[in-house]
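Peer 1: Let me begin by handing over the structure; questions about it come next.
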Amino acid sequence: MSTLMPYDDNLNPIPVLRLKPGGAHQILAGSTSTRNAIPFAPQTRVIGIFATGPLFIASGDAEVTASTADHYFPENTYYDIALGDGLRPCHSHLAVLAATGSCTVHISEKE
């Protein structure tokens, strides 16, 4: 994935990626681990995440599960995470587990 970044007035690259058409996902997080049903595109290296409630997340293959030992993600926060670095295969799924109650996780593939 070769991406050219836009530049600011001082000719410094601005680290932004565009939203991938057809790359929007939603997951309902609850008391058991769940993951995106449709895998991320193989060339997707970055996803943006927003959750309406606190949760735990783990990225991996089609069998990945999330537990309370995984990364905590706070509610009402938007964050980009890398799925791979170009040297190894990228992760294809994100597993989520609600920390309390249930919530919706919005995921955007970026390119």
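The opening position of the sequence shown corresponds to residue 1 in UniProt numbering, with each subsequent residue numbered one higher.
Heads up, the beta-carbon is just placed ideally off N, CA and C, and yes, glycines get one too.
Can you give the Cα-Cα distance for residue 47 and residue 12, rounded to whole angstroms?
Peer 2: The alpha-carbon atoms of residue 47 and residue 12 are separated by roughly 23 Å.
Peer 1: Would residue 18 be called buried (16 or more neighbouring beta carbons within 10 Å of its own) or exposed?
Peer 2: Residue 18 comes out exposed.
Peer 1: Going straight from the alpha carbon of residue 105 to that of residue 49, what length do you get?
Peer 2: Approximately 7 Å, taken between the alpha carbons.
Peer 1: Using DSSP with H/G/I as helix, E/B as strand and the rest coil, what is residue 109?
Peer 2: Three-state result, residue 109: strand.
Peer 1: So, using beta-carbon positions, are residue 53 and residue 98 closer together than 8 Å?
Peer 2: Yes. Within cutoff.
Peer 1: Nearest to residue 103 by alpha carbon, out of 41, 33, 7?
Peer 2: Per the Cα distances, 33.
Peer 1: In three-state terms, what does DSSP make of residue 17?
Peer 2: Coil.
Peer 1: With DSSP collapsed to three states, give me the class of residue 40.
Peer 2: If DSSP states are grouped into helix, strand and coil, residue 40 belongs with coil.
Peer 1: Could you spell out the range, first to last residue, of the beta strand (DSSP E) harbouring residue 59?
Peer 2: That run of the beta strand (DSSP E) goes 55 to 60.
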